[in-house]
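In what follows, a structure is listed as structure tokens, so that the remarks can point back to it.
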Amino acid sequence: MPSMKDMLNDLIKVEGINTAVIVGRDGFVIDGASNGAGMDVEAVGAVISTGIGTAEIMGRELQVGTMSQGMVEYNNGIIVMGLLGKDAVLACVADTKANLGNVRYQIKKRSPEIQAAL
Amino acid sequence: MAEKQVDVRAVQGVLYGVYKALYGVVGEGAAAVMRKAAPDILDMFAHLGVDFSCVDDVNKLSTKLGETMVSTGMCEKMNFSLNGNELTTNITQCSFFPLTMKLKEDGIPPFGCPFAALTIAIAEKNLGKRARLKSLEPVGNPGDTRLVVELFDK
């Protein structure tokens, strides 16, 4: 089985994805990979965890069920987040021109293996 | 400003409201907020004259943090032990135990434990480690708690 770092390095080879980070629900950065975009993955743990936490609560309050994946679009990038079980989150940063369908598919496809490595 | 002790019930009332609201808004992410807050709590402690900058090993951490928590009335005693990369802290008669129990009744985990937050913050800031709460559970008499923090090399 490849290491978690290897899996993240593979993930950022997907066209359009430039950063992938795994964060505990407590904001602890478990691992991360970036293809030179210069992101400080250590600094983003708390915001990723609270971001997905708020999204989960929003879903609950609006009675749309359990969260599986979240996506937020910004001027200069797109963040796609998914839960890795109950204790961790996988967040990826993609280019605005990325093929979002493929990005979402790749994250969903690879998440079980990444979760198993936690 | 006159020095005056604050009744711990008042503090727990305020914290109960804040913690419950925080958990209601960010859910499981509340623990991450506490992790983010902990270095600022340390800074405020320093501003108020409680400086942890001298803490550069686990023994000093246990002495300084233990003394501070006891002298400020947050617990009666703190004992630390380091086994490999696990730092275990036994807290005797935590002053926030009623708050923790009330939150637990409401289905809210103890994400706001100041003992855990400060231990993690000091370990990361002063000991050059990465640190993460592994477990936090009541043991022994009501009010006694054991927390285990896992330490990692950076």
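For the protein sequence lines, the chains are A and B, in the order given.
Quick note on numbering that gives the first Met the number 0: the first sequence kicks off at 0 and runs consecutively.
Quick note on numbering that gives the first Met the number 0: the second sequence kicks off at 0 and runs consecutively.
Quick reminder that beta carbons are idealized off the backbone N, C-alpha and C, glycines included.
The beta carbon of residue 100 (chain A) does not come within 8 Å of any beta carbon belonging to chain B, so the residue lies off that interface.
Per the coordinates, the alpha-carbon of residue 60 (chain A) lies some 15 Å from the alpha-carbon of residue 50 (chain A).
Its chain contains 147 as the residues whose beta carbon lies nearer than 6 Å to that of residue 134 (chain B), once the 5 sequence neighbours on both sides are disregarded; these appear in chain order. At a beta-carbon threshold of 9 Å, none of the residues of chain A lie near residue 136 (chain B); the nearest stands roughly 16 Å away. What residue 44 (chain A) touches in chain B, judged by beta-carbon distance under 7 Å, is 31, going in chain order. For residue 131 (chain B), a Cβ of chain A is located within less than 8 Å of the residue's own Cβ. At a Cβ-Cβ threshold of 8 Å, residue 20 (chain A) and residue 28 (chain A) count as neighbours.
In the three-state scheme derived from DSSP, where H, G and I count as helix and E and B as strand, residue 78 (chain B) is classed as strand.
Nearest to residue 82 (chain A) by alpha-carbon distance, out of A:74, A:32, A:91, is A:91. For residue 39 (chain B), the enclosing alpha helix (DSSP H) covers residues 29-46. Three or more Cβ pairs drawn from the segment 69-89 of chain A and the segment 98-114 of chain A lie within less than 8 Å of each other, which places the two stretches in contact.
Around the CB of residue 84 (chain B), fewer than 16 other CB atoms lie within 10 Å, so the residue is classed as exposed.
Residue contact with chain B for residue 48 (chain A): present (Cβ-Cβ distance below 8 Å to some residue of chain B).
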